[in-house]
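Heads up: the structure comes next, in structure tokens.
Below, the structure is given as structure tokens:
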């Protein structure tokens, strides 16, 4: 079945940081976020306008700002999606993190008035970044296989119930700058060379370990992956924030130690990377 003959079109937002190749292959429609840094606003997406974001973030003395896609941006994507299929399934960034979910819902109501015969559902992924990407990919692959709207939604829900995201922070300086940690914590992690291992999953948000080197932090991440996957077939999205070399090392480890149905690398989207800072490396995964 080709993308053009599907019963369901899948929409997501650019916080998922999907590559242009995956977007094109699976026919996913992507609503773009906006990022403002040093007085310049970028609308991100497949064009690669923000490829150099982390280099610019290192030089910037100002805290960047990010904006969720506006309802008009979602509506534009919905219209294109409705031209391809009679049903639309939208995978949104967590409503706890952004107004993206609300914008997607508003646009859905607008589209239903424009095109009463179109069925549209906005699904709160309750996560972000690589985890959101894996959920959207599962939905899009089900759609490309000609599955029903119910089956597409079930595919997304199944992955959302399994996926985890762990990321290693290289520094807390950028989180401190955005007002998310006290200065004493910044001083302590800097003095002790602590590399916090953070989790952002549906049931858990926060630090799970505070090792004193990047190598120890990577080992903890790998232990968590092995424990979760436990010999099963894995779906893995390695992420990084301007740290391609570390990401390549983690990708190589995963290819050698896990049985991966899919394994790919993406940049950590600036929506979150603006606050976590450059140097981050991590992964999202789920097991069949």
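In our numbering, the protein residues as written are 71 to 358. Note that the Cβ used here is the ideal one computed from N, Cα and C, for glycine as well. Since we're looking at a predicted model, the values are computed, not measured.
Identify which residue in 342, 229, 146 and 328 has its Cα closest to the Cα of residue 195. 229
Could you give the DSSP three-state label for residue 327: helix, strand or coil? helix
Leaving out five residues on either side along the sequence, give the residues of the same chain with a beta carbon under 8 Å from the beta carbon of residue 231. 272
Chain-order list of residues whose beta-carbon lies under 8 Å from that of residue 357 (same chain, five-residue window excluded): 232, 298, 299, 300, 302, 303, 304 and 305
So, residue 205 versus residue 148, is the Cβ gap smaller than 8 Å? no
In angstroms with no decimal places, state the Cα-to-Cα distance between residue 211 and residue 79. 11 Å
What first and last residue would you give for the beta strand (DSSP E) that runs through residue 194? 189-194
Nonlocal neighbours in the same chain, by C-beta distance under 8 Å from residue 130, ignoring five residues either side: 107 and 108
With 16 other Cβ atoms within 10 Å as the buried cut-off, status of residue 178: buried
Drop a sphere of 10 angstroms on the beta-carbon of residue 82, count the other beta-carbons inside from all chains shown, and report buried for 16 or more, exposed for fewer. buried
Return helix, strand or coil for residue 180, following the three-state DSSP convention. helix
Please determine, among 202, 184, 151 and 110, the residue with the shortest C-alpha to C-alpha distance to residue 170. 202
Residues of its chain near residue 264, where Cβ-Cβ distance is below 8 Å and the 5 sequence neighbours each way are ignored: 258, 280, 281 and 282
If you draw a straight line from the C-alpha of residue 157 to the C-alpha of residue 222, how long is it? 10 Å
Over what stretch of residues does the alpha helix (DSSP H) that includes residue 359 continue unbroken? The chain is shown only over 71 to 358; residue 359 falls outside these bounds and no answer can be derived.
Going by C-alpha to C-alpha distance, which of 336, 308 and 337 sits closest to residue 325? 308
Report the residue ranges of all beta strand (DSSP E) runs contained in full by the segment 88-137; include only those spanning at least 3 residues, in chain order. 99-101, 104-107, 110-113 and 135-137
Count the other CB atoms within 10 Å of the CB of residue 276; is the residue buried (16 or more) or exposed (fewer)? exposed
Quick check: the Cα distance between residue 220 and residue 188, rounded to an integer number of angstroms? 15 Å
Taking the straight line between their C-alpha atoms, what separation do you get for residue 124 and residue 186? 43 Å
Pick from 342, 347 and 166: whose alpha carbon is nearest that of residue 103? 342
Continuous beta strand (DSSP E) stretch holding residue 201: start and end: Unbroken run through residue 201 is the alpha helix (DSSP H), 199-214; no beta strand (DSSP E).
Run of the beta strand (DSSP E) containing residue 145, from where it starts to where it stops: Careful: residue 145 lies outside any beta strand (DSSP E), inside the alpha helix (DSSP H) at 141-154.
C-beta contact flag for residue 353 and residue 295 at 8 Å: yes
Suppose contacts are defined by Cβ-Cβ distances below 8 Å. Is residue 87 in contact with residue 336 by that definition? yes
At the level of alpha carbons, what is the spacing between residue 138 and residue 84? 9 Å
When you compare the CB of residue 222 with every CB in chain D, is at least one pair closer than 8 Å? Of the chains in the structure shown, none is chain D; there is only one protein chain.
CA-to-CA distance, residue 321 to residue 284, given in whole angstroms: 16 Å
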